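For reference, the structure discussed in these notes is given below.
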Ligand SMILES: Cc1ncc(COP(=O)(O)O)c(C=O)c1O
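What follows is the structure, encoded as structure tokens:
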């Protein structure tokens, strides 16, 4: 059996059309876009084109796009840049986010708490959706920022970002709203207009683009300031020689993801629904995590916990069977702590240790899903038989 890659939420294989675009820029027009001579100007043209194309895809102005090194950098810049600037303008010192955000958000907000900010981490329901009543209660006159992910990376829960943004602004019109739309891009309309946000984070490697290339959208005029200081690149909003080929690869990947969205979503949804409905029938005591309604979760995400097995052991056994999967978030794989997302959802610690996430992609086939459905039941059965107390 060829390898079966079912961890598209961790990263996606680059699309050959994107690779070609990246290679063209990298090999032909490698100049520094800040240089005034021909080589520099040729590189500058690719960067300008990348910015124009990303802006068109998002329905925003090119001047509102800042290219970054990916999701983590965009999130750090969005949150710190907005919080610090708002506080300096005397608008308050309170940040609202959710308990199920990616660590890039949680750790950035925790750092700001150590720098004198106050933060509210909103609870979620048993399916991972944020509590809007708690949000309404949390936002006050001192709140400077709401950061809410568009979709969760572990359990696929879609968050009501537009609704949350409207509620927050009704309570305090000066609140800035950021969304980490890293997982949702390519699955939903993540344009700032649709989400109702002032700041938006995207990263190319989650939609078949290159790693190390992301963008931050900053609404024109929003009270925000740069975090990466140095040269005057990106109109003084992100210093450092630009990753021109990466930015162009991001633009091409984004255009393809947007243009092929319906087709990709239908393909993934069909395969994911097979996991969602067939796996619990084949493996007794499978607890599906995240929204029970398939339409309320990312179309490519399946996540569950198996009672009485270690998640890591399942992953190792799957790897030996040529299947790449994850226990939830790539970033916490290997950690002994149960996932903060499952904990926030009220999943007990024992069960949370036995979590599995299978995320399908454009290259996944029905035959691969058949294979996984055939391999998993005996793996879980064998591990359960070995479990202490079995
Ligand atoms: C929801 C979410 N936010 C942020 C990130 C970080 O993005 P990057 O890997 O580009 O730094 C990830 C990646 O795992 C993610 O899933």
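In the numbering used here, the protein residues as written are 103 to 492. Glycine included, each C-beta is placed from N, C-alpha and C at the ideal position. The structure displayed is predicted, hence computed values, not measured ones.
When the beta-carbon positions are compared, residue 236 and residue 224 come within less than 8 Å of each other.
The beta carbons of residue 281 and residue 259 sit about 14 Å from each other, so the pair does not count as a contact at 8 Å. In terms of Cα proximity to residue 226, the closest of 405, 442, 122 is 442. Taking the CA atoms as reference points, residue 120 sits about 9 Å from residue 358.
Fully contained in the segment 294-331 are the following beta strand (DSSP E) runs of length 3 or more, in chain order: 301-305, 316-320. For residue 310 against residue 355, the beta-carbon gap comes to about 5 Å, under 8 Å, which counts as contact. Apart from sequence neighbours up to five positions away, the residues of its chain that approach residue 159 with a beta-carbon distance below 7 Å are 356, 357, 360, ordered along the chain. Per the C-alpha coordinates, the member of 250, 240, 232 positioned closest to residue 208 is 250. Short of 6 Å from the beta carbon of residue 145, and not among the five residues preceding or following it, lie these beta carbons of its own chain, in chain order: 131, 133, 135, 346. Relative to ligand 1, the beta carbon of residue 232 is positioned no closer than 7 Å to any heavy atom. Relative to the non-hydrogen atoms of ligand 1, the Cβ of residue 251 comes within a distance shorter than 7 Å of at least one. Put simply, the backbone Cα of residue 157 is about 50 Å away from that of residue 483. By the CB criterion at 8 Å, residue 463 and residue 406 fall outside the cutoff.
In the DSSP assignment, no residue is bridged to residue 120. Looking at the DSSP output, residue 170 shares a beta bridge with 316. Beta-bridge annotation (DSSP): residue 282 is paired with 303. If you ignore the 5 residues before and after residue 440, its C-beta comes within less than 6 Å of the C-beta of 451, 454, 455, all in its own chain and listed in chain order. Residue environment for residue 125: exposed (fewer than 16 other C-beta atoms within 10 angstroms of its C-beta). For residue 149, the enclosing alpha helix (DSSP H) starts and ends at 140-160. With 16 or more other CB atoms across the displayed protein chains lying within 10 angstroms of its CB, residue 219 is buried. Look at residue 443 here: in three-state DSSP terms it is helix. Judged by DSSP secondary structure, residue 459 falls within the beta strand (DSSP E) whose first and last residues are 457-461. Here the alpha carbons of residue 241 and residue 189 stand approximately 15 Å from one another.
Non-local beta-carbon contacts of residue 420 in its own chain, meaning distances under 6 Å to residues more than five positions away in sequence, involve 427 in chain order.
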